[in-house]
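Chains as they are written, first to last, in UniProt numbering: chain E, 1 to 125; chain S, 1 to 125.
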DNA sequence: GTACGACTTAAACCATGGTTTAAGTCAAGA
DNA sequence: TCTTGACTTAAACCATGGTTTAAGTCGTAC
């Protein structure tokens, strides 16, 4: 098994080391092992967990909810249905947010088009 | 011209009245008129401005940048190019964010599918 | 052996984006 | 006239999500 240092883990997901420490403190990354010198070492399992944590972050799930999810992962098999339901709900929330952003983007593009017409008008005149 | 009260404006965009007052204080909604009693009244022009402000909010533009944009709107014609460039940049940022969210959503959907298989497996056994 | 870089901790600090509170004004209806 | 509801203000308060600081511990390269 290959282990990662905190700097490698941070680089891999393009976050800062202090953010990783903060996530551990908040319970998003429990059970991180340490080497003899007390330094964090990230196993492949931890890196997989971190990957899904980062997915949830990128889709704006609050830290408190990610913690709930991770707690259920640690708890084991009998939380499978709850995790499934949580992920389904979250998926719907993400689709809704993407939809709001896409709609708002249309308004912004309309603005851009009017600005294009107006600056074109000024250049031709 | 039809004017809106703060409660009507808030209802129209589904935000709270205090958020509207906060936006005015932060300079996102300058030049709001008042009636004889000192209450805010929103003209159609103000409602149009509010609409684009809300679009920018929904696409996660920070308040400080929205203020810059609104300042340029107030300043007039000679800021057209800057506004156009700002909106173009913002459009690219929004597309990038939607793309990150869409990619992360794939990871979440993969999780959902594995959970579906696992819960199905448990039910069949 | 010593200097350096990578790591550790706890606690303080920060920006962002509002929300809440307290105290007051005003218009309209009973 | 008195009360009610919708509004006003400034200032205090809050949650979220980190970042920064200070002080210290290792391991390795010179």
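Each residue gets a CB set at the ideal place from its N, CA and C atoms; glycine is no exception.
Name the residue from the options whose alpha carbon lies nearest to the alpha carbon of residue i.
i: residue 38 (chain S); options: S:5, S:67, S:56; result: S:5
i: residue 25 (chain E); options: E:3, E:67, E:1; result: E:67
i: residue 89 (chain E); options: E:78, E:65, E:109; result: E:65
i: residue 19 (chain E); options: E:36, E:1, E:53, E:80; result: E:53
i: residue 63 (chain S); options: S:35, S:27, S:75; result: S:27
i: residue 13 (chain E); options: E:46, E:50, E:36; result: E:50
i: residue 101 (chain E); options: S:109, S:110, S:91; result: S:91
i: residue 105 (chain E); options: S:109, S:96, S:104; result: S:96
i: residue 109 (chain E); options: S:110, S:85, S:109; result: S:85
What residues are listed by DSSP as bridge partners for residue i?
i: residue 33 (chain E); result: E:41
i: residue 4 (chain S); result: S:42
Excluding the five sequence neighbours on either side, which residues of its own chain have a C-beta within less than 6 Å of the C-beta of residue i, listed in chain order?
i: residue 33 (chain E); result: 41
i: residue 117 (chain E); result: none
i: residue 76 (chain S); result: none
Just to confirm my understanding: we take residue i, look at its own chain, exclude 5 residues before and 5 after, and list those with CB closer than 8 Å. What are they?
i: residue 83 (chain E); result: 69, 72, 73
i: residue 125 (chain S); result: Unreliable placement is indicated for residue 125 (chain S), whose pLDDT of 49 sits below 50; no coordinate value is reported for it.
i: residue 1 (chain E); result: 43, 44
i: residue 7 (chain S); result: 17
Residue i and residue j: beta carbons closer than 7 Å?
i: residue 55 (chain E); j: residue 121 (chain S); result: no
i: residue 87 (chain S); j: residue 98 (chain E); result: no
i: residue 94 (chain S); j: residue 59 (chain S); result: yes
i: residue 9 (chain E); j: residue 16 (chain E); result: no
i: residue 22 (chain S); j: residue 29 (chain S); result: no
i: residue 115 (chain S); j: residue 31 (chain E); result: no
i: residue 43 (chain S); j: residue 3 (chain S); result: yes
Starting from the C-beta of residue i, find all residues in its chain whose C-beta is less than 7 Å away, skip the five residues before and the five after it, and write them out in chain order.
i: residue 61 (chain E); result: 90
i: residue 35 (chain E); result: 41
Are there any heavy atoms of the ligand ADP lying less than 6 Å away from the beta-carbon of residue i, as far as the coordinates show?
i: residue 33 (chain S); result: With respect to the ligand ADP, the structure offers nothing, as it holds no ligand at all.
Query - Contact residues within the segment 92-116 of chain E, judged by C-beta distance below 9 Å to chain S - result: Hits within the stretch, in order: 94, 95, 97, 98, 100, 101, 102, 103, 104, 105, 106, 107, 108, 109, 111, 112, 115, 116.
Query raised in the report: Using Cβ-Cβ distances below 9 Å, what residues of the UniProt domain "HTH merR-type" (1-72) of chain S are close to chain E?
Result: Taking 9 Å as the Cβ-Cβ cut-off against chain E, the residues of the UniProt domain "HTH merR-type" (1-72) of chain S that qualify are 51, 52, 54, 55, 56, 57, 58, 59, 60.
Requested in this report: Using a Cβ-Cβ cut-off of less than 7 Å, list which residues of the segment 71-86 of chain E approach chain S; keep chain order.
Outcome: Per Cβ criterion, the list reads 80, 81, 83, 84.
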